[in-house]
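The block underneath contains the structure these notes are about, expressed in structure tokens.
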Amino acid sequence: MQIWHDNMPYGKIAERKGHQGWMKQEGSYFIFPGGGTMFPDGAEQYIEKLTQYVPLKSGLLRTGLDMGCGVASFGGFLLKENIMTLSFAPRDSHKSQIQFALERGIPAFLLMLGTRRLPFPAQSFDFVHCSRCLIPFTAYNGSYLIEVDRLLRPGGYLIISGPPVQWKKQEKEWTELQAMALALCYKLITVDGNTAIWKKPTEASCLPNQNEFNIDLCSTDDDPDQAWYFKLKKCVSKVSLAEEIAVGSIRKWPDRLSKPSARASLMENGANLFELDTQKWAKRVSYYKKSLGVKLGTAEIRNVMDMNAYLGGLAAAVVPDPVWVMNVVPAQKPLTLGVIYDRGLIGVYHEWCEPFSTYPRTYDLIHADGISSLIRDPISGKNRCDLFDVMLEMDRILRPEGTAIIRDSPDVIDKAAQVAQSIRWIAQVHDAEPESGRMEKILVATKTHWKLPLTSL
Numbered sequence: 023m024q025i026w027h028d029n030m031p032y033g034k035i036a037e038r039k040g041h042q043g044w045m046k047q048e049g050s051y052f053i054f055p056g057g058g059t060m061f062p063d064g065a066e067q068y069i070e071k072l073t074q075y076v077p078l079k080s081g082l083l084r085t086g087l088d089m090g091c092g093v094a095s096f097g098g099f100l101l102k103e104n105i106m107t108l109s110f111a112p113r114d115s116h117k118s119q120i121q122f123a124l125e126r127g128i129p130a131f132l133l134m135l136g137t138r139r140l141p142f143p144a145q146s147f148d149f150v151h152c153s154r155c156l157i158p159f160t161a162y163n164g165s166y167l168i169e170v171d172r173l174l175r176p177g178g179y180l181i182i183s184g185p186p187v188q189w190k191k192q193e194k195e196w197t198e199l200q201a202m203a204l205a206l207c208y209k210l211i212t213v214d215g216n217t218a219i220w221k222k223p224t225e226a227s228c229l230p231n232q233n234e235f236n237i238d239l240c241s242t243d244d245d246p247d248q249a250w251y252f253k254l255k256k257c258v259s260k261v262s263l264a265e266e267i268a269v270g271s272i273r274k275w276p277d278r279l280s281k282p283s284a285r286a287s288l289m290e291n292g293a294n295l296f297e298l299d300t301q302k303w304a305k306r307v308s309y310y311k312k313s314l315g316v317k318l319g320t321a322e323i324r325n326v327m328d329m330n331a332y333l334g335g336l337a338a339a340v341v342p343d344p345v346w347v348m349n350v351v352p353a354q355k356p357l358t359l360g361v362i363y364d365r366g367l368i369g370v371y372h373e374w375c376e377p378f379s380t381y382p383r384t385y386d387l388i389h390a391d392g393i394s395s396l397i398r399d400p401i402s403g404k405n406r407c408d409l410f411d412v413m414l415e416m417d418r419i420l421r422p423e424g425t426a427i428i429r430d431s432p433d434v435i436d437k438a439a440q441v442a443q444s445i446r447w448i449a450q451v452h453d454a455e456p457e458s459g460r461m462e463k464i465l466v467a468t469k470t471h472w473k474l475p476l477t478s479l
């Protein structure tokens with residue numbers, strides 16, 4: 023795998039981490055041998071080692087979270103096993119590691135563990151992986167490990183490689199990590215060198231029990247799916263349907279993609295809505311390809327964002343294509359992201375009057391269904407920001423010559439077309455597919471590759 027050096031002329035990681043196989047510069051390209059700090063001989067060899075203890079090749083596991091991922095080689099190699107790993111890292115001394123991951127076409131997100139919950143729903147990931155991520159899991163009364171527990175699906179796997187697992191001068195931290203995992207009733211599968219693997223219980227919770235960390239269950243009014251500007255809690259969330267959505271109970275991939283999960287059944291008329299949404303987006307994507315000339319299914323489109331994902335119907339419709347989709351569920355809308363993860367897809371919560379946590383020019387196609395609803399307050403009905411603000415953020419995220427698709431009423435699309443012209447997109451307005459009626463229009467735009475002219479002093 024290689025990318026153009028001139029697209030991202032940042033050689034510090036290659037200089038610092040080249041000996042560990044992260045990435046190297048060869049002529050006009052950066053290449054990615056597939057290594058990492060804890061697997062300098064390559065991610066494939068490391069994954070084979072993990073497969074002895076974790077069913078990574080059976081279809082049982084589909085969604086993973088890689089914390090402190092470097093350039094995301096671990097997640098990249100797992101794509102071969104039909105495992106969708108969302109890799110995240112902060113902008114630290116390596117600065118552009120997530121940008122490199124996205125340039126490679128690997129699902130990645132700019133993020134760090136701090137004082138708030140991560141923007142994901144509860145019980146979402148079939149496994150959580152940390153390879154020398156240096157997260158102090160037991161610090162702050164174990165808040166970070168409790169957050170991992172919130173995100174990990176019952177029956178899922180927690181994999182930690184590197185410090186503090188059997189690490190010199192970190193014996194205390196290693197002892198505390200084992201004790202806290204035991205307090206959460208996690209089963210230790212193995213300790214293999216500096217790699218430890220636990221399995222989360224499938225029961226709703228083993229708490230309360232006696233433990234030195236004073237971990238208790240959260241109150242009944244706690245919603246574990248609330249994760250937008252929501253402070254970390256020092257309690258374990260109660261989860262309904264724990265056994266029904268557990269690893270081993272939820273359908274294997276790819277069956278889980280097209281069947282409504284138990285979590286979908288919690289929605290009013292959920293199973294029917296799921297089926298209708300799936301059928302609707304299959305027709306819409308076919309219309310995009312055949313009638314609007316959208317190049318889905320070609321090598322030109324890899325990184326896709328759905329700004330208003332609902333149940334993930336768009337992402338499900340493009341699974342046969344060589345793409346991955348970042349499903350975004352607006353934080354002010356119904357919290358349906360858990361259903362999306364049950365399908366074996368990935369995504370985040372976001373508020374579109376704020377910047378999205380990614381680098382510029384990192385997505386090839388951005389889709390916005392009902393863009394006006396992304397800025398409208400659901401209670402007051404007033405706009406919280408301007409359409410121009412949202413489209414300018416789309417322009418920042420979109421790669422030059424990338425595609426934007428916006429669906430809304432004719433009036434909104436007229437306004438969007440004016441904004442598109444002002445930010446130098448080449449845009450065309452189309453009728454919606456016949457099933458959608460005349461109350462909707464579609465704007466398909468291409469971001470042009472332009473730069474300011476040089477001016478003489």
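Quick note: the sequence shown uses this note's numbering, first residue 23, plus one each step. Built from N, CA and C at the ideal position, the CB exists for glycine as well.
Taking the Cβ atom as the reference point for each residue, do residue i and residue j lie within a distance shorter than 8 Å?
i, j, result
"residue 198", "residue 309", "no"
"residue 123", "residue 90", "no"
"residue 76", "residue 149", "yes"
"residue 326", "residue 387", "yes"
"residue 165", "residue 256", "yes"
"residue 330", "residue 292", "no"
"residue 300", "residue 270", "no"
"residue 147", "residue 173", "yes"
"residue 260", "residue 457", "no"
"residue 163", "residue 205", "no"
"residue 385", "residue 121", "no"
"residue 420", "residue 473", "no"
"residue 86", "residue 73", "no"
"residue 286", "residue 263", "no"
"residue 209", "residue 196", "no"
"residue 296", "residue 254", "no"
"residue 92", "residue 128", "no"
"residue 247", "residue 360", "yes"
"residue 151", "residue 88", "yes"
"residue 347", "residue 328", "yes"
"residue 298", "residue 307", "no"
"residue 338", "residue 357", "no"
With respect to the alpha helix (DSSP H) encompassing residue i, which residues constitute its N-terminal and C-terminal limits?
i, result
"residue 432", "432-444"
"residue 292", "292-313"
"residue 71", "65-73"
"residue 339", "335-339"
"residue 416", "409-419"
"residue 277", "277-280"
Mind checking whether the beta-carbon of residue i lies closer than 7 Å to any heavy atom of the ligand FMN?
i, result
"residue 68", "Looking at this structure, you won't find the ligand FMN or any other ligand, since it has none at all."
Pick helix, strand or coil for residue i, following the three-state DSSP scheme.
i, result
"residue 196", "helix"
"residue 452", "strand"
"residue 146", "coil"
"residue 163", "helix"
"residue 395", "helix"
"residue 355", "coil"
"residue 258", "strand"
"residue 124", "helix"
"residue 317", "coil"
"residue 467", "strand"
"residue 218", "strand"
"residue 369", "strand"
"residue 363", "helix"
"residue 245", "coil"
"residue 157", "coil"
"residue 327", "strand"
"residue 41", "Reliability fails at residue 41, whose pLDDT of 49 lies under 50, so the model's placement of it is uncertain and the value that follows must be treated cautiously. Residue 41 falls in the helix class under three-state DSSP."
"residue 105", "coil"
"residue 348", "strand"
"residue 171", "helix"
In the DSSP assignment, the beta strand (DSSP E) including residue i goes from what residue to what residue?
i, result
"residue 175", "174-183"
"residue 97", "Taken as a continuous stretch (DSSP letters only), residue 97 belongs to no beta strand (DSSP E), being part of the alpha helix (DSSP H) at 95-100."
"residue 490", "As displayed, the chain neither begins before 23 nor continues past 479, which places residue 490 out of reach and without an answer."
Taking the beta carbon of residue i as the centre, do at least 16 other beta carbons fall within 10 Å, making it buried, or is it exposed?
i, result
"residue 66", "exposed"
"residue 447", "buried"
"residue 41", "Residue placement at residue 41 cannot be trusted, given a pLDDT of 49 that sits under 50; what the coordinates show is reported in the next sentence. That one is exposed."
"residue 177", "buried"
"residue 251", "exposed"
"residue 389", "buried"
"residue 440", "exposed"
"residue 169", "buried"
"residue 36", "Because the pLDDT of residue 36 is 49, which lies under 50, any placement of that residue in the model is unreliable, and the question is left without a value."
"residue 322", "exposed"
query: So does the stretch 77-96 actually touch the stretch 213-222, counting three or more Cβ pairs closer than 8 Å?
result: no
message: Could you check whether the stretch 413-431 touches the stretch 459-466, counting it as contact only if at least three pairs of C-beta atoms, one from each stretch, sit closer than 8 Å?
response: yes
message: Does the structure place the stretch 370-377 close enough to the stretch 339-358 that three or more beta carbon pairs sit under 8 Å?
response: yes
query: Hey, is the stretch 233-242 in contact with the stretch 131-148, meaning 3+ C-beta pairs nearer than 8 Å?
result: no
query: Is the stretch 272-291 touching the stretch 391-407 in the sense that three or more CB pairs, one from each, lie closer than 8 Å?
result: no
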